[in-house]
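A.B. asks: In the numbering used here, the protein residues as written are 255 to 442.
Positions of the beta carbon are idealized from the N, C-alpha and C atoms, including for glycine.
1. Assuming the contact rule is C-beta atoms closer than 8 Å, residue 357 and residue 318 should be a hit. Round their C-beta distance to whole Å, please.
2. Are residue 311 and residue 293 touching if we call contact CB-CB under 8 Å?
3. Kindly indicate which residue of 301, 353 and 374 has the alpha-carbon position closest to the one of residue 316.
4. In whole angstroms, what separates the C-alpha of residue 361 from that of residue 379?
5. Take the Cβ of residue 255 as the centre, count every other Cβ of all protein chains shown within 10 Å, and call the residue buried at 16 or more, exposed below.
6. Any idea if residue 353 is buried or exposed, counting beta-carbon neighbours within 10 angstroms, 16 or more meaning buried?
7. Does residue 365 come out as helix, strand or coil in the three-state DSSP assignment?
8. Can you find the residues in the same chain that come closer than 7 Å, C-beta to C-beta, to residue 345, ignoring five residues on each side of it along the sequence?
9. Short of 6 Å in beta carbon distance, which residues of its chain neighbour residue 264, apart from the five on each side in sequence? Order them along the chain.
10. When you compare each of 389, 411 and 257 to residue 307 by their alpha carbons, which one comes out closest?
11. To the nearest whole angstrom, what separates the beta carbons of residue 280 and residue 287, a pair I think is in contact under 8 Å?
12. Any chance you could list the alpha helix (DSSP H) runs of at least 4 consecutive residues sitting entirely within the region 270-321, in chain order?
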């Protein structure tokens with residue numbers, strides 16, 4: 255039930271500034287915390303699907319309600335800490351032993367978080383997200399000497415696709431560096 259509710263809120267708030275702003279701000283007549291803080295509490299839910307849906311919901315609210323750059327420079331609970339928390343959760347899931355379908359969702363949400371946001375892409379690099387994505391790609395790669403087949407399971411091909419997509423959105427900003435060496439000269 256929580257997962258379905260979170261996906262519904264995510265769908266309603268995606269690219270919808272009025273709804274997302276209402277979910278991100280406290281009500282002036284109430285001492286209650288903003289709804290996004292209640293959503294953030296679900297980041298630590300026991301069920302991985304609830305964690306994933308809470309991350310997606312928060313990403314859509316944050317992206318639509320504020321300029322990401324402005325959020326990174328505020329002292330509110332919606333500032334950089336929430337971005338880093340979401341990034342950490344998704345990174346942990348991507349590098350975990352969760353099923354491919356769960357890892358695929360985490361990759362897509364990470365892409366939604368960082369798309370068109372240079373600072374978040376840099377943060378993803380620093381947090382080790384790209385390293386974990388490459389490890390994921392290597393773990394599902396076709397062994398040397400074998401041909402790709404059309405019978406590859408759909409979750410595996412989707413996971414490969416989204417991992418490569420996320421890598422591509424970060425790639426234009428790189429100047430130099432080694433994926434495996436994780437050089438410190440990464441961005442222009």
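C.D. replies: According to the structure shown:
1. The beta carbons of residue 357 and residue 318 sit about 25 Å from each other, so the pair does not count as a contact at 8 Å.
2. The answer is yes: Cβ separation under 8 Å.
3. The residue with the shortest Cα to Cα distance from residue 316 is 374.
4. Going from the Cα of residue 361 to the Cα of residue 379 covers about 14 Å.
5. exposed
6. Label assigned to residue 353: exposed.
7. helix
8. 381, 382, 383 and 386
9. 310, 311 and 314
10. 257
11. 6 Å
12. Runs of the alpha helix (DSSP H) inside the region 270-321: 271-278, 289-295 and 302-319.
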